[in-house]
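Chemist:
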Amino acid sequence: MVFDNKFIQLRVEKAELLKKEGFNPYSNDSKRNTTIEKYLNVNSDIEFKENKRDEKRHYILSGRIKLFRIMGKASFIQIEDESGVLQVYVARDNLPEGFYNNIFKKLIEVGDIVEVAGYPFVTGQGELSLHADELRLLTKAISPLPEKFHGVTDKEIRYRKRYLDLIMNADVRKTFKIRSKVISLTRRFFEEKGFLEVETPMMHPIAGGANAKPFVTHHNALGIDRYLRIAPELYLKRLIIGGFEAVFEINRNFRNEGMDATHNPEFTSIEFYWAYKTYKDLIEITKEYFKYLFEHLNLPVLLPYGDLEINFEKFSEIPLIESLHTIGKVPKEIVNDRDKIVEFLKSKNIQVKSDLSLGQLQGELFDEFVEERLINPTFITEYPVDISPLARRSDENPKITERFELFIAGREIANAFSELNDPVDQLGRFEAQCAAKECGDDEAHDMDIDFVEALSYGMAPTAGQGIGIDRLVMLLTNEHSIRDVLLFPAMKPIHTEDKRDESHTDI
RNA sequence: GUCUUGUUAGCUCAGCUGGUAGAGCACGUCACUUUUAAUGAUGUGGCCGAUGGUUCGAAUCCAUCACAGGACACCA
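If you count by the numbering used here, then the first sequence holds residues 11 to 517, one letter each, in order.
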C-alpha cells in the first residue's frame, strides 16, 4: 500500500479526527489578502510603534508550516509561502475555547498548509511576526516533511521528488526563478530587435540540423516513423526562404545520447536566423545579448563560477587554427599537416580514427587542447568546412567556413554561422555526410532533399545561431550539473519496465 | 560503455577486524504564555537497496543485479 507507513497512518487519523470535529482538512475557501513578503514590507514600521504592535491592522496570510514550537499555552510557528517566511504567535487565549489544546496542538503539524489572521507585532527578540487570532487548516499533509534542519540533501530524492526539494530548499526555487527570467529576457531581447517568435515541428521525417542520434516515434494513422527533432535549424531556414527576415524559436531538442553533468536527453535551446546579416553581426548581437542579461539579472561582470572568475567585459575572438597554437600550445608547423597531427596525437596517447580528414583532426586538436582553457568568453572563428556541413564557405578560403562557437568556462555555449545558401554546395555536403554515414559515422547528417529544394528557390544571405539555454543558466546560477537547472531531469525508472514493454507490443 | 564511491528509521547520519541494530530531528505522552534548529522528561519506530554465496552466525566478507553520485570514454 502507498500509505501504509506508520507516520502517514497517524496523520491520516488526524485528518479523520478533524473531519469529525467539523474541520475540512482540504478546504477550498482561502481568504488570504496579502503575501508574506508584502506583509513584512508594509509592517516594517511596527518596531517603532508603542508596544511594538498595531492591533488596528489586520491581515490574513497562508502558507506551509515549516517549524512548530509549542511552549505550553502559547506557540510560535513559521509558515512559508512563495514570497517568504513568517513567524506566527499562537496563544491559547486568543483563539476560540478549546481550539488551541484540542485542535491546534493535537491535529495540526509541520507540513500542513494553514491560514492565519491577526495583527503585526515585533517579538522580544526583535522579529516582526503575526499575532494570530484565527488559525485554520487549509490542507493536511499526510506525508511528513524531511528533517527541519538538514532538509533533503540526497540528490536522488531531490531530482525524483523535485516538489520536496522545492519545499525544503529556498535556493533551488531561486535557481528556477532565474531560469525563468533568462528565458523571458531572451524572448524580450529578440522581440525588441524585431525578431518573430515561431514554432516549428517537434516531429521530423528526417532528423536534421545537427549531428546526433534521434529518438524515434511512430505515427499510427500514417504508419510511418517520425524523429523527435534534434534541432529546428532546417525549418527555421525554410522560413527565411519564405520571406521572414528575422525569426527565433525557444524550445526543446531531443538527442538520444548519453547523460552526464552537461547532457540531458531533452534540452532547451534558442535558435535565431537573421537575413542580410553575417556571422560578424552575430558576434555583435551576442555581446549585446549578454550585456542585456547581466543588466536585467543584476549580475556582476566578474562572475564567479566554481573556482573560476569569468570576465564578461572581456570577449575575445580568435580563429580556430590560430587558437591551436596560441592557446593549445600545439606546435605551429603541424596544425595544417594531416600526417603530423596524427603523429602528434599518437605521441600524446590520444586515439583517433585513422580516416579523419585534416579539418576533423584540427577539430580533435581543438577539443583536446584548447576548449577547456577558454574561460573568459571567446569566439572561436573560421571552422574547417568538413566539420561544418551547414555553414557558408569563406570567400577568401573555401576550406574554412564563416562560423564561430562561443566558449565560456571551458564549455560551448553557442554555435553560429553565416548560412550556406548555395543549393548545389548544400547538396554536395549532404552527399559527403551520407558517405560518412556509410563509413560508420552514425551521427552524420541524413540527406534532406526537401531542404535542398527549398534552398533552390533562393535564401537571402543569412546568419543563424543556436544557444544552449540550460548551459547558459548553469553559468549564470553557478550550477555545475544540468540536472540542477532542469526541474525534472531525466532519471532511470526505479522499477523494471518489463510490464511496459509487454503492453507496448499491442499498440 | 569503463573505473570508482555510496544505498542502514519519514529525514540527516553513526555502526571498527563478522556475535541479538544506534543517535539527532520528526512522531506519541507529560511539563512549559516571547521562542529562533526552543527546552526538559519519557516512549514508539528497521526485511540494514535486491538476490545468491561463505560461515555455527552476515548491515559488516564475496559475487551478481538495481538505482544514484563522481571521474573517464562517446558525443562537434
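Note that CB positions come from ideal geometry on N, CA and C, so glycine has one too.
Apart from the five residues on each side of it in sequence, which residues of its chain come closer than 6 Å, Cβ to Cβ, to residue 12?
Modeler: Nothing meets the Cβ criterion.
Chemist: Pick out the complete beta strand (DSSP E) segments inside the segment 39-94, 3 residues or longer, and give them in chain order.
Modeler: Those beta strand (DSSP E) runs which fall completely within the segment 39-94 and span 3+ residues are 69-81, 84-91.
Chemist: Taking residue 199 as part of the alpha helix (DSSP H), name the residues at either end of that continuous run.
Modeler: Start and end: 180-202.
Chemist: Taking the alpha-carbon positions, what's the residue 148 to residue 308 distance?
Modeler: When rounded, the distance between both Cα atoms is 37 Å.
Chemist: Cα separation between residue 213 and residue 260?
Modeler: Looking at the two C-alpha atoms, the distance is approximately 16 Å.
Chemist: Suppose the cutoff is 6 Å on Cβ atoms and the five residues either side in sequence are ignored; what does the same chain contact list for residue 474 look like?
Modeler: Correct list, in chain order: 283, 429.
Chemist: From the DSSP output, which residues share a beta bridge with residue 490?
Modeler: In DSSP, residue 490 forms no bridge with anything.
Chemist: With a floor of 3 residues, list each beta strand (DSSP E) that falls wholly inside the segment 386-447, ordered by position along the chain.
Modeler: Complete beta strand (DSSP E) runs here, min 3: 388-391, 413-418, 421-428.
Chemist: Determine which residues share a DSSP beta bridge with residue 256 and list them.
Modeler: For residue 256, which the question treats as bridged, DSSP gives the partners 284.
Chemist: What separation, rounded to the nearest whole angstrom, lies between the Cα atoms of residue 250 and residue 469?
Modeler: Residue 250 and residue 469: Cα-Cα distance of roughly 7 Å.
Chemist: Taking residue 210 as the reference, give the member of 184, 240, 388, 90 with the closest Cα.
Modeler: With distances taken between Cα atoms, residue 210 lies closest to 240.
Chemist: Any idea what DSSP makes of residue 381, helix, strand or coil?
Modeler: The answer is helix: DSSP assigns residue 381 an H, G or I state.
Chemist: Given a threshold of 16 other Cβ atoms within 10 Å of its Cβ, counted over all protein chains shown, does residue 365 qualify as buried or as exposed?
Modeler: Classification for residue 365: exposed.
Chemist: For the segment 167-178 against the segment 214-229, do three or more pairs of beta-carbon atoms, one drawn from each stretch, fall closer than 8 Å, so that the two count as touching?
Modeler: Cβ pair count under 8 Å is below three, so no.
Chemist: Using a threshold of 7 Å, state whether the C-beta atoms of residue 151 and residue 121 are closer than that.
Modeler: Yes, these two residues count as a Cβ contact at 7 Å.
Chemist: Report the option in 83, 78, 50 whose CA atom is closest to the CA atom of residue 68.
Modeler: Out of 83, 78, 50, 50 has the C-alpha closest to the C-alpha of residue 68.
Chemist: Assuming residue 86 and residue 119 make a contact with CB atoms under 8 Å, what is their CB distance in whole Å?
Modeler: Residue 86 to residue 119, Cβ: 14 Å. No contact.
Chemist: Does the count of Cβ pairs from the segment 273-280 and the segment 290-303 closer than 8 Å reach three?
Modeler: Result no; under three Cβ-Cβ pairs closer than 8 Å.
Chemist: Does the beta-carbon distance from residue 352 to residue 375 come in below 7 Å?
Modeler: Contact: no.
Chemist: With burial defined as no fewer than 16 other Cβ atoms inside 10 Å of the residue's Cβ, what is the status of residue 486: buried or exposed?
Modeler: That one is buried.
Chemist: Can you check the segment 259-323 for any beta strand (DSSP E) of at least 3 residues that lies completely inside it and give the ranges in chain order?
Modeler: Listed in chain order, the complete beta strand (DSSP E) runs (minimum 3 residues) inside the segment 259-323 are 276-285, 312-315, 318-321.
Chemist: Return helix, strand or coil for residue 36, following the three-state DSSP convention.
Modeler: Residue 36 falls in the strand class under three-state DSSP.
Chemist: If contact is defined by three or more beta carbon pairs under 8 Å, each pair taking one atom from either stretch, is the segment 411-425 in contact with the segment 490-504?
Modeler: They do not touch, by the three-pair rule.
Chemist: Would you be able to state if there are at least three C-beta pairs under 8 Å between the segment 95-113 and the segment 159-171?
Modeler: Short answer: they don't touch.
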